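Notes for the one structure printed next.
Number of protein chains: 2
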Amino acid sequence: MVKESKPTGGLEWRINVPNGTTSKVLVPESKSHFRVWNGLRGLIVGFMSRIWKFFEKAWSLAVREPKKAIHGLKVGMALSLVSLFYYIRPLYNGVGGNAMWAVMTVVVAFEYTVGATLCKCVNRATGTFLAGALGLGVHWIANQSGEKFEPIILQVSVFLFAAAATFSRFIPSIKARFDYGAMIFILTFSLVSVSGYRVDKLFELAHHRLSTIAIGTSLCILTVMLFCPVWAGNELHYLITNNMEKLAASLDGCVVEYFGINANVNAKGEDSDKVLLGYKCVLNSKATEEVMANFARWEPAHGRFNFRHPWNEYLKVGAFLRKCAYCIETLTVSTNSDTEAPHILKKHFSKFCISLSSSSSDVLKELAVIMNTMTKSTKIDLMVHEMNNAVQELQGALKSLSKETIIGDSKNGIEEGNKSSTVVPLMEIVPIVYISTLLIEIAARIEKSVEEVNELANKAEFEQESTKKSKQSQNQQNPNQPSQGNQEDLTMKTLQKV
Amino acid sequence: MVKESKPTGGLEWRINVPNGTTSKVLVPESKSHFRVWNGLRGLIVGFMSRIWKFFEKAWSLAVREPKKAIHGLKVGMALSLVSLFYYIRPLYNGVGGNAMWAVMTVVVAFEYTVGATLCKCVNRATGTFLAGALGLGVHWIANQSGEKFEPIILQVSVFLFAAAATFSRFIPSIKARFDYGAMIFILTFSLVSVSGYRVDKLFELAHHRLSTIAIGTSLCILTVMLFCPVWAGNELHYLITNNMEKLAASLDGCVVEYFGINANVNAKGEDSDKVLLGYKCVLNSKATEEVMANFARWEPAHGRFNFRHPWNEYLKVGAFLRKCAYCIETLTVSTNSDTEAPHILKKHFSKFCISLSSSSSDVLKELAVIMNTMTKSTKIDLMVHEMNNAVQELQGALKSLSKETIIGDSKNGIEEGNKSSTVVPLMEIVPIVYISTLLIEIAARIEKSVEEVNELANKAEFEQESTKKSKQSQNQQNPNQPSQGNQEDLTMKTLQKV
Chain A
1 MVKESKPTGG
11 LEWRINVPNG
21 TTSKVLVPES
31 KSHFRVWNGL
41 RGLIVGFMSR
51 IWKFFEKAWS
61 LAVREPKKAI
71 HGLKVGMALS
81 LVSLFYYIRP
91 LYNGVGGNAM
101 WAVMTVVVAF
111 EYTVGATLCK
121 CVNRATGTFL
131 AGALGLGVHW
141 IANQSGEKFE
151 PIILQVSVFL
161 FAAAATFSRF
171 IPSIKARFDY
181 GAMIFILTFS
191 LVSVSGYRVD
201 KLFELAHHRL
211 STIAIGTSLC
221 ILTVMLFCPV
231 WAGNELHYLI
241 TNNMEKLAAS
251 LDGCVVEYFG
261 INANVNAKGE
271 DSDKVLLGYK
281 CVLNSKATEE
291 VMANFARWEP
301 AHGRFNFRHP
311 WNEYLKVGAF
321 LRKCAYCIET
331 LTVSTNSDTE
341 APHILKKHFS
351 KFCISLSSSS
361 SDVLKELAVI
371 MNTMTKSTKI
381 DLMVHEMNNA
391 VQELQGALKS
401 LSKETIIGDS
411 KNGIEEGNKS
421 STVVPLMEIV
431 PIVYISTLLI
441 EIAARIEKSV
451 EEVNELANKA
461 EFEQESTKKS
471 KQSQNQQNPN
481 QPSQGNQEDL
491 TMKTLQKV
Chain B
499 MVKESKPTGG
509 LEWRINVPNG
519 TTSKVLVPES
529 KSHFRVWNGL
539 RGLIVGFMSR
549 IWKFFEKAWS
559 LAVREPKKAI
569 HGLKVGMALS
579 LVSLFYYIRP
589 LYNGVGGNAM
599 WAVMTVVVAF
609 EYTVGATLCK
619 CVNRATGTFL
629 AGALGLGVHW
639 IANQSGEKFE
649 PIILQVSVFL
659 FAAAATFSRF
669 IPSIKARFDY
679 GAMIFILTFS
689 LVSVSGYRVD
699 KLFELAHHRL
709 STIAIGTSLC
719 ILTVMLFCPV
729 WAGNELHYLI
739 TNNMEKLAAS
749 LDGCVVEYFG
759 INANVNAKGE
769 DSDKVLLGYK
779 CVLNSKATEE
789 VMANFARWEP
799 AHGRFNFRHP
809 WNEYLKVGAF
819 LRKCAYCIET
829 LTVSTNSDTE
839 APHILKKHFS
849 KFCISLSSSS
859 SDVLKELAVI
869 MNTMTKSTKI
879 DLMVHEMNNA
889 VQELQGALKS
899 LSKETIIGDS
909 KNGIEEGNKS
919 STVVPLMEIV
929 PIVYISTLLI
939 EIAARIEKSV
949 EEVNELANKA
959 EFEQESTKKS
969 KQSQNQQNPN
979 QPSQGNQEDL
989 TMKTLQKV
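Given below as structure tokens:
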């Protein structure tokens, strides 16, 4: 039997007993109020805790990437500045209600990176100008052809130009660079040609609108470039460099973990997992890289980058890094699989595999250093050579497998007369052969990345390490001159902090 | 000696002879004009040919994806419709110059897919409403606090709200769904609170603006949904299905090509390359899938999809397909590498590898059929079973390698007393072991994809094949009833055409 609970304010039971009489829990009226209140409180607390969590998330984002919080402040500042056109009488008299367009431009065109802002501003200005001119032209033609035909000509022109411009936004070359411009073209053309039907001083209106947009865009560009600028080029450069380091860490960590030498892994637990899974960021970085490279092209010379810095080469390097990441993904999964190689084989191969993986990741790390310092490395060729040696050693180990351990069909298989050797079934060497071949493949892909980085270094005219050192020593002899090397180091540190 | 050419209107030579006297080619004046004309013509022809190529590209895009051209026409139509607010006197009297906002809404919010349009429209309407209400509130407070403090309060509120809303756009959950809404919030709030300083009938202005935006958004939604609608959900469904087919074709093609049975590949040359490289589309489809799934959530029930169709499951299926693609990428590269396995081994393994790859690709094709018909398949379990059998056969072949061909350290190595067997060095079996293991890994990943598709089929309540068949036979018995099966087939065909 189930006991009826006493109304203690804790759990309450309502029981239907088999004979049909329903047991009732008598609840005083104040109690039911209390229950409603409890439910309400639960809802409110739940809602508040969700909001609290949201703010916590926002706060942690702001702490992790203060640049993003600063971007918010920059937008606020730009809007406050542009709203002065309303508050200060002489400014307002100049532009009047059209100041709205300046505000709108700031809201719409102010982007996170300098390149994106420039791209949007140029697109907005060009699109507005072209469409405005075309709109005035069409308006003039429509005006000449009599009152009856005017709305028809205007309608047809809006239909045709809007359809053509909208479709052009699907063409990849237009989409990549002038997507926003095409939209603004449609917007301005429709507004000018359609509202021209009701507005008399159309030319004045167009002129005012263009000048307020010019005010808005210049304010945007100034704010985004002068206060803590975030350069798309810089971000792309940092992203690629970071990806190299992540791949190196993942590769190293995964091989070391497989061969059970956990002591060498710096981080443990969650952090170690994070390091091992670093390659996942590289797998899906294509879209970001393309957007960044696209915006970087709009940026003027800044920091260590010239105006015509070969941003396209970054995309190629990124593509090769992604290819490495695909292989590392396969490697990670295979090292985590259940089929284990026999201990003796693992021990035998660990030396070669770890040597190859560490020399491979050293090459990746050196590539990251090359990118970071923007200096051609004298060591890289030697390191690639070392990596290739490690590849050959691993291949040698695979070849010599048959010498040291004859592969028979069972562990208790044949023993050759003159050699006493362990016999391991072929199936058991498969994981080792597989992992070794993957490592060799990764090394080959890394070598291609090195070629691509060299190509980038040539096109971007990275300095020679020797030239840099001699400059540094010159600077040490003439301590009064500003040290270029140190400056560069400083820039590098700033970049790393960024 | 170089001969001076006669002025024949063809090639002309100008030679500096060593003693300093310069030989002159006498060109009649008309000729130099001709040359300038030629240069100009070259420039114009080059320019025209570039434009021509651009139009050719656009035309081929329109032919390949007519939906995109239709989208252009739809935008043109919506703009023509909304511009009637200017041309028709009673309509214009109703909204006046605010009709501009309706035009602007159509240009900005009309997107390619229904989901994207709905998302933008809802965001625009909500953002405008919230910001308008808040702006009016702030305006009232500022109004109460005296002429001196009014601009200060307005400025500070614009700064704070704009900064907060801009920053919120970086928070992933906001960015995914309300990015546009946040932008519109900033825009409207700034406009209302700032222009409120100069405009007297602010409430009327806000009301007009909101009503014109409502007109614009409803026009957008009607046009996008009624004329050849493109559903983001449909596109996502088709994308995933298509990716399955592409992976199947790549996997099949690559293995068959490696084992040299080219006769089985349907397409040759460029087309064959295109088929083989189909997996590349899958590698980078993550961003597209996420965007599509995000928009699909906004869409009402349409075609075979309910309102709460489990779009998230598509992302999971997509992720597993991408994992297959990573492996296929590694496989493709390894089958194209220089290190070839010896002919005898290749021949021995071709049977097993092709059997595994074809059963794997069959599973993928069946998954595509499941998705296409939205019917649970009774065959799929059998096919997975077959695939697993093929895996075991391949593993068996690997095991039996040592029985049939003893692996020694050279081709001329030892021969065992009682067995006459070919001796192949271990290094030469490495490629086969590697490719086989990759194939086994791909099969494992495909099996996980099958599980995920089953999960999707359960959540989306796909029909049972048997139920469907019985319904079909019922329909055949009552031929007067509309055939649901046929209808479904028709939808499928339409989908495939799309």
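Chains as they are written, first to last, in the working numbering: chain A, 1 to 498; chain B, 499 to 996.
Ideal Cβ positions, reconstructed from N, Cα and C, are used throughout, including at glycine.
Keep in mind that this is a model prediction, so the values were computed, not measured.
Residue 326 of chain A and residue 362 of chain A have their C-alpha atoms some 19 Å from each other.
Between residue 66 of chain A and chain B, the shortest Cβ-Cβ separation is not below 8 Å.
When 8 Å is used as the limit between beta carbons, residue 191 of chain A is near these residues of chain B: 598, 601 and 602, in chain order. By the neighbour-count criterion, in which a residue is buried when 16 or more other Cβ atoms sit within 10 angstroms of its Cβ, residue 929 of chain B is buried. Chain A places a beta carbon closer than 8 Å to that of residue 692 of chain B, counting this residue as a contact. Residue state for residue 117 of chain A is assigned as helix, using DSSP reduced to three classes. Between residue 218 of chain A and residue 656 of chain B a beta carbon distance of about 20 Å is seen, past the 8 Å cut, so the two are scored as non-contacting. Between residue 600 of chain B and residue 710 of chain B, the C-beta spacing is below 8 Å. In the structure shown, residue 797 of chain B falls within a coil segment according to DSSP collapsed to helix, strand and coil. A check of alpha carbon separations from residue 683 of chain B across B:621, B:884 and B:856 identifies B:621 as the nearest.
Boundaries of the alpha helix (DSSP H) around residue 809 of chain B: 809-833. With 16 or more other Cβ atoms inside 10 Å of its own Cβ, residue 739 of chain B counts as buried. For residue 101 of chain A, the enclosing alpha helix (DSSP H) has its first and last residue at 99-109. Taking one beta carbon from each stretch, the segment 302-312 of chain A and the segment 794-813 of chain B have fewer than 3 pairs nearer than 8 Å; the two do not touch. Scanning its chain for C-beta atoms nearer than 6 Å, with the 5 sequence neighbours on each side dropped, one finds around residue 863 of chain B the residues 746, in chain order. Between residue 927 of chain B and the set A:454, A:276 and A:401, the nearest pair of CA atoms involves A:401. Around the beta carbon of residue 653 of chain B, a 10 Å sphere encloses 16 or more other beta carbons of the protein chains shown; the residue is thus reported as buried. Taking C-alpha positions only, residue 885 of chain B is separated from residue 816 of chain B by approximately 21 Å. In this structure, residue 246 of chain A places its C-beta atom within 8 Å of the C-beta atom of residue 279 of chain A. Residue 155 of chain A reaches chain B at 578 and 581, counting residues in chain order whose Cβ is nearer than 7 Å. For residue 544 of chain B, no chain A residue has a Cβ inside 7 Å of its Cβ, as the nearest lies near 17 Å away. Taking a cut-off of 8 Å on C-beta distances, the segment 870-890 of chain B touches the segment 950-965 of chain B, as three or more cross pairs fall below it. In the assembly as shown, residue 348 of chain A is a buried residue. Its beta-carbon has 16 or more other beta-carbons within 10 Å. Judged by their CB atoms, residue 311 of chain A and residue 297 of chain A are nearer to each other than the 8 Å cut-off.
Remark: fewer than three beta-carbon pairs, one from each stretch, lie closer than 8 Å, so the segment 567-585 of chain B and the segment 673-681 of chain B are not flagged as touching.
Residues of chain B with a Cβ closer than 7 Å to the Cβ of residue 186 of chain A are, in chain order, 605. Within the DSSP bridge table, the entry for residue 375 of chain A names A:463 as partners. Of all alpha-carbon atoms in A:255, A:284, A:163 and A:174, the one lying nearest the alpha-carbon of residue 605 of chain B is that of A:163.
Ranking A:380, A:202, A:83 and A:203 by CA distance to the CA of residue 465 of chain A puts A:380 first. Annotated as distal: residue 344 of chain A and residue 259 of chain A, with beta-carbon spacing of 8 Å or more.
Between residue 549 of chain B and residue 619 of chain B, the C-beta gap is not smaller than 8 Å, which leaves the two residues out of contact. Neighbours of residue 90 of chain A in chain B, taken as residues at a C-beta separation under 9 Å, are lacking, since the least C-beta distance is about 14 Å. Between the alpha carbons of residue 725 of chain B and residue 616 of chain B lies a distance of about 15 Å.
Between residue 629 of chain B and residue 686 of chain B, the C-beta gap is smaller than 8 Å, which places the two residues in contact. Residues of chain A whose Cβ lies closer than 7 Å to the Cβ of residue 567 of chain B are, in chain order, 167.
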